Each structure stands twice: as structure tokens, then as C-alpha cells.
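Following: one structure in C-alpha cells, then a few remarks.
Protein chains: 2
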Amino acid sequence: MAKTKQKELPVILITNDDGVSAPGIKALTEAVLGLGKIIVVAPDKPQSGMGHAITIGHPLRLSKVNGIEGVETYSCSGTPVDCVKLAVDKVLHRKPDICISGINHGANHSINVIYSGTMSAALEASIEAIPSVGFSLLDYSLEADFTAAKIYARQVVEFVLKNKNLEKHLCLNVNVPAIDAKLIKGIKVCKQAYAKYEEKFDERKDPHGRRYYWLTGEFMNFDKNKDTDDWALKHNYVSVVPVQFDLTHYELKKKLEKTWKI
Amino acid sequence: MAKTKQKELPVILITNDDGVSAPGIKALTEAVLGLGKIIVVAPDKPQSGMGHAITIGHPLRLSKVNGIEGVETYSCSGTPVDCVKLAVDKVLHRKPDICISGINHGANHSINVIYSGTMSAALEASIEAIPSVGFSLLDYSLEADFTAAKIYARQVVEFVLKNKNLEKHLCLNVNVPAIDAKLIKGIKVCKQAYAKYEEKFDERKDPHGRRYYWLTGEFMNFDKNKDTDDWALKHNYVSVVPVQFDLTHYELKKKLEKTWKI
Numbered sequence: 013m014a015k016t017k018q019k020e021l022p023v024i025l026i027t028n029d030d031g032v033s034a035p036g037i038k039a040l041t042e043a044v045l046g047l048g049k050i051i052v053v054a055p056d057k058p059q060s061g062m063g064h065a066i067t068i069g070h071p072l073r074l075s076k077v078n079g080i081e082g083v084e085t086y087s088c089s090g091t092p093v094d095c096v097k098l099a100v101d102k103v104l105h106r107k108p109d110i111c112i113s114g115i116n117h118g119a120n121h122s123i124n125v126i127y128s129g130t131m132s133a134a135l136e137a138s139i140e141a142i143p144s145v146g147f148s149l150l151d152y153s154l155e156a157d158f159t160a161a162k163i164y165a166r167q168v169v170e171f172v173l174k175n176k177n178l179e180k181h182l183c184l185n186v187n188v189p190a191i192d193a194k195l196i197k198g199i200k201v202c203k204q205a206y207a208k209y210e211e212k213f214d215e216r217k218d219p220h221g222r223r224y225y226w227l228t229g230e231f232m233n234f235d236k237n238k239d240t241d242d243w244a245l246k247h248n249y250v251s252v253v254p255v256q257f258d259l260t261h262y263e264l265k266k267k268l269e270k271t272w273k274i
Numbered sequence: 013m014a015k016t017k018q019k020e021l022p023v024i025l026i027t028n029d030d031g032v033s034a035p036g037i038k039a040l041t042e043a044v045l046g047l048g049k050i051i052v053v054a055p056d057k058p059q060s061g062m063g064h065a066i067t068i069g070h071p072l073r074l075s076k077v078n079g080i081e082g083v084e085t086y087s088c089s090g091t092p093v094d095c096v097k098l099a100v101d102k103v104l105h106r107k108p109d110i111c112i113s114g115i116n117h118g119a120n121h122s123i124n125v126i127y128s129g130t131m132s133a134a135l136e137a138s139i140e141a142i143p144s145v146g147f148s149l150l151d152y153s154l155e156a157d158f159t160a161a162k163i164y165a166r167q168v169v170e171f172v173l174k175n176k177n178l179e180k181h182l183c184l185n186v187n188v189p190a191i192d193a194k195l196i197k198g199i200k201v202c203k204q205a206y207a208k209y210e211e212k213f214d215e216r217k218d219p220h221g222r223r224y225y226w227l228t229g230e231f232m233n234f235d236k237n238k239d240t241d242d243w244a245l246k247h248n249y250v251s252v253v254p255v256q257f258d259l260t261h262y263e264l265k266k267k268l269e270k271t272w273k274i
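So the protein lines, in turn, are chains A and B. Reminder that position 196 of the first sequence reads as 208 in our numbering, one-by-one numbering, no gaps. Reminder that position 215 of the second sequence reads as 227 in our numbering, one-by-one numbering, no gaps.
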């Protein structure tokens, strides 16, 4: 008797940087229910601003925890990037068909991409040729309304699963404005705006009279172009920036080749 | 009486990710002595693999410590990126003329650039339009011989101080092979090789029978091009890769604009 081979469901790895118990990762899991076999491997504590950090000086722990019903969920003691590496080697024992990260509580557009653990997890997957997307909502609150973000997250994941072959190292940075879904004008493919934080450390003294400093900063956009993620978000679009891990500055490379006379 | 304004010395900020007491940062400081007014602000402990992490959940400490004679030196409780931010705001109270990072104990070429605290500190400076260079020696040992690295570090810093106007956000990733200075063929401007780590976590059990995992991995180069940093280093050149913080994947952006039909 010939066996009918069932079409295998895509394996969807989900992680984030706000921690396995953050509302945002629950929202992302709910958003993609039914699109594949979902596995969650996420940090056991908030890891915002961890960038592409990995844990090399001490070992990692992995624990099975309760998540959404029917979704295998693990908590990991490491960074978001550690979660992706460990999930592939020790949980899935294979590469997933897609890795999605988020939904982040707070914006990761523009220069945030470089500080964001959410986006670094996605970028790490793309180094491994796993198509990946990081999702962020422009609302830091733990009580944020993820309704619109969930709608667009599902659309983007469906798109990527269908168009994986566009690019071997596909990685998208998706940001959703914190407005009602009905007010969102749609998706806009953008470039990363040149915006940055104007830092000012808040200097204080502890009860023993010793100084300490809190990082604070104001986000400033210096980029007046209309093809940026910052522009799109301010004009009620969901911004999608394709990102890459080749940091080579090719234009400067050309200039240096001409100028370098050591 | 007219005052003769002395030509001001350039201000050189030095940081690293191996910590303020690592031999590599001492070597870098010695390498640039006499080129400007040097200030060292570096992490109080090893921060390898910290990538572009910043400290947002707790405050930072800064302490004046003993360094090389005549060089103001501070130890900071944060990451390499924190060191750059804090140095500008609270130590220098201005942008330095150049920020240099390292000399790292171990390679930061190819994909390492993305995990490296050394390179993230340099990249952070370049976001602020401070010309920057990260230096790394292909020798992890604490007893590494920095002789050749020091010679090239001084050359590169002199070059950058003279050619700052090449690029507003100039940032270089310089790696030096671990060989005798006489055997080095010179400097080669390169692109970042597509190489990565093939991870395998080492699974162990603690004395209480609970599993834990050590990150291990083998560096694999998949990039056979001769214009890469990996090629240059294997052929006894000092590799120089200009790097940038705009992660936009412009080619994929074009493809997405054509394909996206949500």
C-alpha cells in the first residue's frame, strides 16, 4: 500500500527580547496559529538593548515552561541570539522554516535595529539562512494593544513563507504604529532612517555618596527622506526594512582603495 | 599682547571589550602615545561577545583607575557601547577626534564584527560621527605578542586623523594576523567575508543532575572571494574593512518593492 505523504507543516521558531512571559510574544504566537508547527524559545528575563550579544563566559540553561496551549515553549537563560542558536541545535535539531521575533514592546526602526535584541535574534537566524522577521509595536507599555500588529504579523509571515526564495538571507524589520488597525494605511518597504539618540546621562548619588549614571536619551531623526521607516511610521504605515549582516561600507571601501597610501 | 594659539592636540578616546586591565588596551594606548591627548574609558570586566548591547535596566558606575602614566583612565561597569556614550557625555564633555577600540585578544573579521563588543564600540562612535577604528589581533592569548599590531595601529590612526573627511561616519575594522611584523605583507582594504560559526552546544549535567549548555563552534568560511578579510588575513595581510551601521539590504528592498502584494 502506497503511503500518502502528508504535506509537512512549516516549522516556526518564535523568540523575543522582552522575555518568554511578555504579552508581545503571546500576541505573536496567537497571530501565526495554524500557519505551522510553532516552537517558542525565549529569554527567561527581559533582554532589551542586548543587541547581538552572545553568552560565552558561562553556560546556558533551558527549561520547558507553560505557554499557549499546544505550543511547546522554552525559557532560556541567555540572550535573544543565544535562544536562536540553542533552539536550532538542542530543541529543533534542525533549522526552522522561519524564525520570528517579537512582538517587541517599543519601536525598533531606524538605529534601534542595532541595539535591539529582537532584531538581533532575527538577524542571527538570517546568518544561518533561516528566513526571519522581527516585529515591533510603537508602544512600550506592557498593556499595549497588539490587535493591529497581530493582523500585519500574520500577513508578513504568510508572505515570507511563500517568498522565501527572494533572498537566501532574508531578514525583515517590521514596525507597526500604535494606532487602531483601521487607521493603518498599509505596508511600506523602506530603508533605515538615519536617526539616533541624543544621550544625556542622568547623574545621581547613592546613599553612600557615590555617583551613578542612568542612560537617558531623546530619539532624533536627522533624515528627511520619504523612503525611510521613520517617515512611514509617522504617516501611519507599517514599515518593512529588509536588513543584512554584511556591514561592509562599499562606497567607503572604494574611496579607501584610492586614498590609502601607507 | 597677542596670544599665540597652540595647535590643539586631537583627543583620542580608547576603549575595548576585554576590560580596562587587558594587555591589548595597554598595547593600543602605547601604540598611539604622542598622537594626541589620550583618555581611556573601558569596561571593568571582560565584555567579549557583548555586541551592541547597552545597559538600560540599571545604572552605570565610572571609576578613575591607574593606567599608563600620564593617561587618564576610567573603568566603567557597562558594556563597550556604554563606555563610548558615557565617555562623551560625562568624561570628555565633547566628542573626541577619534575613538579607537582594542586591541582585541582574538579575531573580529568576517561575521565576528556583529558579535564583537570591540567593533560595536567603534560603530557606536561612528553613529555619532566620531571617526573610529576597532583593532584585533588573531591571538586569543593574554600573553599575545602585540608588536606588529601596535605598528599597524599607529599607522592606521595617523591615516584616519589625516583623512577624517573621507566619510562622515568613518569606521574601520582592522585585524592583524598573529605573525612576526616582518612577515606581514602590508594593509589590504577588504569586504567582510561570508563566514560563520557552525555551532554545537556542549551539553553537560551539573552536580544536581540538571542540564546546562556551553556555546562552542567552529569558524567556517564559505566565501571563496579574494577581496575578503578572511582571505587577506590568511595571506598575511592586515585586513581593513570599512563598516557601516545602515543595515538596509538595498537589493532585497528593490525585490520586495516588486514582489510585495499584500
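Every residue gets a Cβ at the ideal spot worked out from N, C-alpha and C, and that includes glycine. Note that this is a predicted model, so its numbers are computed, not measured.
Would you please state the rounded distance, in angstroms, between the beta carbons of residue i and residue j? I believe it to be under 8 angstroms.
| i | j | result |
| --- | --- | --- |
| B/S113 | B/A134 | 5 angstroms |
| A/G129 | A/D29 | 3 angstroms |
| A/V125 | A/V186 | A/V125 to A/V186, Cβ: 11 angstroms. No contact. |
| B/L195 | B/N248 | 6 angstroms |
| B/G46 | B/V23 | Not confirmed; about 14 angstroms, so no contact. |
| B/L150 | B/L40 | Actually they do not touch by this definition, with Cβ atoms about 16 angstroms apart. |
| B/P143 | B/L182 | 4 angstroms |
| A/T91 | A/I66 | 6 angstroms |
| B/K203 | B/V253 | 6 angstroms |
| A/Y225 | B/L74 | 7 angstroms |
| A/A137 | A/C111 | 4 angstroms |
| A/V201 | B/L98 | Contact doesn't hold; Cβ gap of about 37 angstroms is too wide. |
| B/A54 | B/G31 | 6 angstroms |
| B/F257 | B/I139 | 6 angstroms |
Say yes only if the C-beta of residue i is nearer than 8 angstroms to one or more non-hydrogen atoms of the ligand MG, and no if none qualify.
| i | result |
| --- | --- |
| B/E155 | This structure does not include the ligand MG; it has no bound ligands of any sort. |
Looking at the secondary structure, which residues open and close the beta strand (DSSP E) in which residue i lies?
| i | result |
| --- | --- |
| A/V201 | I199 to V201 |
| A/V232 | Note that residue 232 of chain A is Met in the sequence shown, not Val. Element bounds for A/M232: R223 to N233. |
| B/T27 | V23 to T27 |
| B/P254 | V250 to P254 |
| B/L184 | C183 to V188 |
| A/L74 | L74 to V77 |
| A/V32 | That residue, A/V32, is in no beta strand (DSSP E); it is neither H nor E in DSSP. |
| B/K49 | K49 to P55 |
| B/I110 | I110 to H117 |
Tell me whether residue i is buried or exposed, calling it buried when 16 or more other Cβ atoms sit within 10 Å of its Cβ.
| i | result |
| --- | --- |
| B/D109 | buried |
| A/T271 | exposed |
| B/A193 | exposed |
| B/S251 | buried |
| B/Y206 | buried |
| A/Y262 | exposed |
| A/E20 | exposed |
| B/N177 | exposed |
| B/H70 | exposed |
| A/G118 | buried |
| A/T260 | buried |
| B/K76 | exposed |
| B/N78 | exposed |
| B/E179 | buried |
| A/G27 | A small correction: the amino acid at residue 27 of chain A is Thr; Gly does not occupy that position in the sequence shown. Result: buried. |
| A/T159 | exposed |
What residue range does the alpha helix (DSSP H) around residue i cover?
| i | result |
| --- | --- |
| B/P219 | No alpha helix (DSSP H) holds B/P219; DSSP gives it neither H nor E. |
| B/K265 | Y262 to T271 |
| B/Y86 | It is not in any alpha helix (DSSP H) - B/Y86 instead sits in the beta strand (DSSP E) that spans E84 to C88. |
| A/F147 | Segment S144 to L149 is the beta strand (DSSP E) holding A/F147; no alpha helix (DSSP H) there. |
| A/N124 | N124 to Y127 |
| B/K246 | D241 to K246 |
| B/Y164 | T159 to K174 |
| A/P92 | P92 to L98 |
Where the stretch 47 to 74 of chain A meets chain B: residues whose CB sits under 8 angstroms from a CB there: The stretch 47 to 74 of chain A vs chain B, Cβ under 8 angstroms: P58, S60, G61, M62, G63, H64, A65, I66, T67, I68, G69, P71, L72, R73 and L74.
Members of the stretch 107 to 137 of chain B that neighbour chain A once the beta carbon cut-off is set at 7 angstroms: Residues I123, V125, I126, Y127 and S132.
Interface residues of the stretch 172 to 194 of chain A facing chain B [CB-CB below 9 angstroms]: If the cut-off is 9 angstroms between Cβ atoms, the stretch 172 to 194 of chain A has N175, L178, E179, H181, L182, C183, L184 and N185 near chain B.
Three CB pairs or more closer than 8 angstroms across the stretch 154 to 173 of chain B and the stretch 60 to 68 of chain A: Short answer: they don't touch.
Any 3 or more C-beta pairs closer than 8 angstroms across the stretch 152 to 160 of chain B and the stretch 22 to 40 of chain B: In this structure the stretch 152 to 160 of chain B lies against the stretch 22 to 40 of chain B, because at least three pairs of beta carbons, one per stretch, are closer than 8 angstroms.
Contact the stretch 219 to 233 of chain A vs the stretch 158 to 166 of chain A: 3+ CB pairs below 8 angstroms: Between the stretch 219 to 233 of chain A and the stretch 158 to 166 of chain A there are fewer than three C-beta pairs closer than 8 angstroms, too few to call the two in contact.
Short-range partners of chain A found in the stretch 202 to 216 of chain B, where Cβ spacing is below 9 angstroms: So the list reads C202, K203, Q204, Y206, K208, Y209, E211, K212, F213, D214, E215 and R216, given in the order they occur along the chain.
Validate contact between the stretch 84 to 100 of chain A and the stretch 235 to 245 of chain B using beta carbons, cut 8 angstroms, 3 pairs: Note that the stretch 84 to 100 of chain A does not touch the stretch 235 to 245 of chain B; fewer than 3 beta-carbon pairs, one per stretch, sit closer than 8 angstroms.
Residues within the stretch 229 to 259 of chain B neighbouring chain A, beta-carbon criterion of under 8 angstroms: Cβ proximity to chain A below 8 angstroms picks out V252, V253, P254, V255, Q256, F257, D258 and L259 from the stretch 229 to 259 of chain B.
Inter-stretch contact at 8 angstroms, needing at least 3 Cβ pairs: the stretch 90 to 110 of chain B / the stretch 199 to 215 of chain A: The answer is yes - the stretch 199 to 215 of chain A touches the stretch 90 to 110 of chain B, with three or more Cβ pairs under 8 angstroms.
Residues, ordered as in the chain, of the stretch 78 to 89 of chain B that lie near chain A by beta-carbon distance below 7 angstroms: Answer in chain order: no residues at all.
Contact set between the stretch 138 to 161 of chain B and chain A, restricted to residues whose Cβ is under 9 angstroms from the partner: Within the stretch 138 to 161 of chain B, I139 and E140 place their CB atoms closer than 9 angstroms to a CB of chain A, listed in sequence order.
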